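Numbering (the working numbering), first residue to last: 13 to 586.
No residue lacks a Cβ here, since even glycine has one placed at the ideal position from N, Cα and C.
Only a predicted model underlies this, so the values are computations on that prediction, with no experimental measurement involved.
Right under this line is the structure:
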């Protein structure tokens, strides 16, 4: 067993994670459903990589994500921090008294379950108390109406990431920062994030949560971090990662640094601009050294980007845009779950297994040793036998990483691509050899090619769970096929219309990421390092001395030099 432990830090990271775990839960349900498409019954994708087995005090077996999620107090909505599958712990006060003064208790009103969560609860109660039976057509019709109502409810009124979660979490998984009620506006200060980890026993409590999951692993292959890097959680993550680097020296960290839509929305004054640009520079320079591979994601306007050509949604809704990033993360994670197979792999359901260490070694451990990768996605991926004039699978891949240069010819570029659920001729799910031959042929014909590309393929597509947002455009069919003419009706289609989609993602180490790093280095110098820099006092307020700021500049400068040894940016000085 080669386990992966997932860590989600911050609001937007947990919005992404909620979708990610919904995908896993949907796949588990489809794999056990005798009436589902056989393509979802893939014995070579091992969900134990991401999940753990357990048992309640009542002897009931459980299967839950190997996850540590950290967020504000009050961010769980109607969900308990102890989840739902285990008995609730006592809420009685401790017998240990350290305060003899007056005590006041503030209790917030419990959040009501929305229509989707109510339905989920009722369904679980029915499963516990009744035997399964056949439904009449009347009940099916009523259920269809309920599904429509639930989908509409979610599209219009998601406040918390738990509002659309259909997964049972272990009591050790969900950690709320006690004393910090949800207010992202007040927690956008890097210094506040540093203090949040160090205050009281928070840091040790979070480490204990992680230790719980790590110690029960047989052979952990790595940590998969998703960090909301647009506010104080970035600072908290850097402190946490530094601890992990000390305690788990040989366990690699794959880090997705995700910027939520709120960080791009508001019109800023010069002071706010300096604040934001310095935060981004400090965040990136502090997170990168504690991970083996860092993947920045978060486009300023995802809805109008080429990555959303066949999608239709609103950027200001985290519930919407986080679904796209979650789909890409799920696809990128598939090689970690593949069982190694022999020479006859092409005849099966998967090909190209790779663990976290293998991915990091390939992308960041080659001669150039660039640790910053770009994430590209094609959602839905076009059919392999695209018609004349249609975009190819390779051409449809578009970056989710911001500030990426286009059409860069990099002779040292290295790529890892995952394609799953690809549709072939006649609309059937393509066999492994068909996908591999098509992708290899596309690379042969491409104008620019990487030095090396690893390809992972699985036949099962991305399932679309009921609580997935209605973000597909009207050119997307039921199995994610791209239609020749739009479907009449609404411009947005959801889980009742689109049941699965073919996906392609690519992680690439390329000099195309240079603008991203150079922008952060330039802003750190301009606003924080140069003589008379307008943000120098702000950095001091965040707890950084001159030497630490200079070290951050040096870290970014080395990253630039790694990709372009002759860059003027890497050699600039005061």
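Assuming residue 232 is part of the beta strand (DSSP E), what are its boundary residues? Taking the chain shown and counting its residues from 1, one reaches residue 232 at position 220. 232-240 is the extent of the beta strand (DSSP E) around residue 232.
Endpoints, beta strand (DSSP E) assigned at residue 15: As a position in the chain shown, residue 15 is number 3, starting the count at 1. Residue 15 -> beta strand (DSSP E) spans 15-21.
Express the C-alpha separation of residue 550 and residue 162 in angstroms, rounding to a whole number. Numbered from its first residue, the chain shown carries residue 162 at position 150. Numbered from its first residue, the chain shown carries residue 550 at position 538. Spanning the two alpha carbons is a distance of roughly 46 Å.
Alpha carbon to alpha carbon, how far is residue 383 from residue 424? Give it in angstroms, no decimals. As a working note, residue 424 is residue 412 in the chain shown. As a working note, residue 383 is residue 371 in the chain shown. Cα-Cα distance, rounded: 14 Å.
Cβ-based neighbour list, residue 448, same chain, cut-off 8 Å, excluding 5 preceding and 5 following: The residue labelled residue 448 in the question sits at position 436 within the chain shown. Here the set comprises 358, 363, 467, 469.
Indicate whether residue 312 and residue 414 have their beta-carbon atoms separated by less than 8 Å. In the chain shown, the residue the question calls residue 312 occupies position 300. In the chain shown, the residue the question calls residue 414 occupies position 402. Going by C-beta atoms, residue 312 is nearer than 8 Å to residue 414.
Residues near residue 178 by beta carbon distance below 7 Å, same chain, minus five either side: Within the chain shown, numbered from 1, the residue matching residue 178 stands at position 166. Excluding sequence neighbours, residue 178 sits near 34, 37, 132, 477, 479.
Output needed for residue 501: all residues of its chain with C-beta closer than 8 Å, excluding positions within five of it in sequence on either side, in chain order. As a first step, residue 501 is located in the chain shown; it is residue number 489 there, counting from the start. Contacts found: 486.
By the 10 Å Cβ neighbour count, where 16 or more other Cβ atoms means buried, how is residue 408 classified, buried or exposed? Your numbering for residue 408 matches position 396 in the chain shown. That one is buried.
Reducing DSSP to helix, strand and coil, say where residue 536 ends up. Taking the chain shown and counting its residues from 1, one reaches residue 536 at position 524. Residue state, collapsed to three classes: helix.
Kindly indicate which residue of 19, 410, 23, 50 has the alpha-carbon position closest to the one of residue 85. What you label residue 85 is simply residue 73 of the chain shown in a count that begins at 1. Checked all of 19, 410, 23, 50; the closest Cα to residue 85 is 23.
Given a threshold of 16 other Cβ atoms within 10 Å of its Cβ, counted over all protein chains shown, does residue 47 qualify as buried or as exposed? Taking the first residue of the chain shown as position 1, residue 47 is located at position 35. When all chains shown are included, residue 47 counts as exposed.
Can you tell me where the alpha helix (DSSP H) holding residue 551 begins and where it ends? Working through the chain shown from its first residue, we reach residue 551 at position 539. From DSSP, the alpha helix (DSSP H) with residue 551 extends over 548-553.
Quickly, what does DSSP pair residue 410 with across the bridge? List them, please. As a first step, residue 410 is located in the chain shown; it is residue number 398 there, counting from the start. Answer is 389.
Bridge partners for residue 515 per DSSP, in chain order? Your numbering for residue 515 matches position 503 in the chain shown. In the DSSP output, where bridge partners are listed per residue, residue 515 has 432.
Out of curiosity, what's the CA-to-CA distance linking residue 553 and residue 203? As a working note, residue 553 is residue 541 in the chain shown. As a working note, residue 203 is residue 191 in the chain shown. Their Cα atoms are separated by approximately 7 Å.
C-alpha distance - residue 504 paired with residue 266, whole-angstrom precision: Residue 504 sits at position 492 when you count from the first residue of the chain shown. Residue 266 sits at position 254 when you count from the first residue of the chain shown. Approximately 33 Å, taken between the alpha carbons.
Excluding the five sequence neighbours on either side, which residues of its own chain have a C-beta within less than 7 Å of the C-beta of residue 144, listed in chain order? Position 132 of the chain shown, counted from the first residue, corresponds to residue 144. Note that residue 144 has pLDDT 45, beneath the 50 cutoff, so the model's placement of it is unreliable and no number is given.
Assigned secondary structure, residue 328 (DSSP; H/G/I helix, E/B strand, else coil): Taking the first residue of the chain shown as position 1, residue 328 is located at position 316. Coil, per DSSP.
Could you tell me which residues DSSP puts in a beta bridge with residue 441? In the chain shown, the residue the question calls residue 441 occupies position 429. 435, per the DSSP bridge assignment.
What distance in whole Å lies between the Cβ atoms of residue 569 and residue 376, which are believed to be in contact at a cut-off of 8 Å? Counting from one through the chain shown, the residue named residue 376 turns up at place 364. Counting from one through the chain shown, the residue named residue 569 turns up at place 557. Residue 376 to residue 569, Cβ: 18 Å. No contact.
Looking at C-beta atoms only, is the number of pairs between the region 534-546 and the region 429-440 that lie closer than 8 Å three or more? no
What is the DSSP secondary structure of residue 468, counted as helix, strand or coil? Here residue 468 is taken as the residue at index 456 of the chain shown, counted from 1. DSSP places residue 468 in strand when its eight states are reduced to three.
Which residue wins for smallest C-alpha separation from residue 90, given the options 159, 158, 80, 171? In the chain shown, counting from the first residue as 1, residue 90 sits at position 78. Of 159, 158, 80, 171, the residue nearest in Cα terms is 171.
Report the option in 418, 443, 253 whose CA atom is closest to the CA atom of residue 388. Translated into the one-based positions of the chain shown, residue 388 becomes position 376. Residue 388 has its Cα closest to that of 418, out of 418, 443, 253.
Let me check you understand the geometry: is the CB of residue 188 closer than 7 Å to at least one non-hydrogen atom of the ligand ZN? Ligands are entirely absent from the displayed structure, and the ligand ZN is therefore not among its contents.
Identify which residue in 249, 437, 205, 136 has its Cα closest to the Cα of residue 555. Looking up residue 555 in the chain shown gives position 543. Cα-wise, what sits closest to residue 555 is 205.
Mapping the DSSP letters down to three states, classify residue 164 as helix, strand or coil. Against the chain shown, residue 164 aligns to sequence position 152. Three-state DSSP puts residue 164 in a helix.
Keeping to the same chain, check which residues put their C-beta closer than 8 Å to that of residue 578; ignore five residues upstream and five downstream. By 1-based counting over the chain shown, the position of residue 578 is 566. Around residue 578: no qualifying Cβ.
Given residue 519 as reference, the closest of 472, 88, 410, 17 once Cα atoms are compared: As a first step, residue 519 must be located in the chain shown, where it is residue number 507. For the residues 472, 88, 410, 17, the minimum Cα distance to residue 519 belongs to 410.
With a 10 Å radius around its C-beta and 16 neighbouring C-beta atoms as the bar for buried, classify residue 497 as buried or exposed. For the purposes of this step, residue 497 is taken as residue 485 along the chain shown, with counting starting at 1. That one is exposed.
Please list the terminal residues of the continuous alpha helix (DSSP H) segment that includes residue 252. Taking the chain shown and counting its residues from 1, the one referred to as residue 252 is at position 240. Per DSSP, residue 252 belongs to the alpha helix (DSSP H) from 244-259.
Tell me residue 220's beta-bridge partners as DSSP assigns them. One-based indexing of the chain shown puts residue 220 at position 208. In the DSSP output, where bridge partners are listed per residue, residue 220 has none listed.
What does DSSP give as the partner residues of residue 266 in its beta bridges? For the purposes of this step, residue 266 is taken as residue 254 along the chain shown, with counting starting at 1. In the DSSP output, where bridge partners are listed per residue, residue 266 has 236, 305.
Can you check whether the CB of residue 88 is closer than 8 Å to the CB of residue 188? For this step, residue 188 is matched to residue 176 along the chain shown. For this step, residue 88 is matched to residue 76 along the chain shown. Yes, these two residues count as a Cβ contact at 8 Å.
When DSSP labels each residue in this structure, what does residue 367 get in the three-state scheme? Translated into positions along the chain shown, residue 367 becomes position 355. Residue 367: coil per DSSP, three-state reduction.
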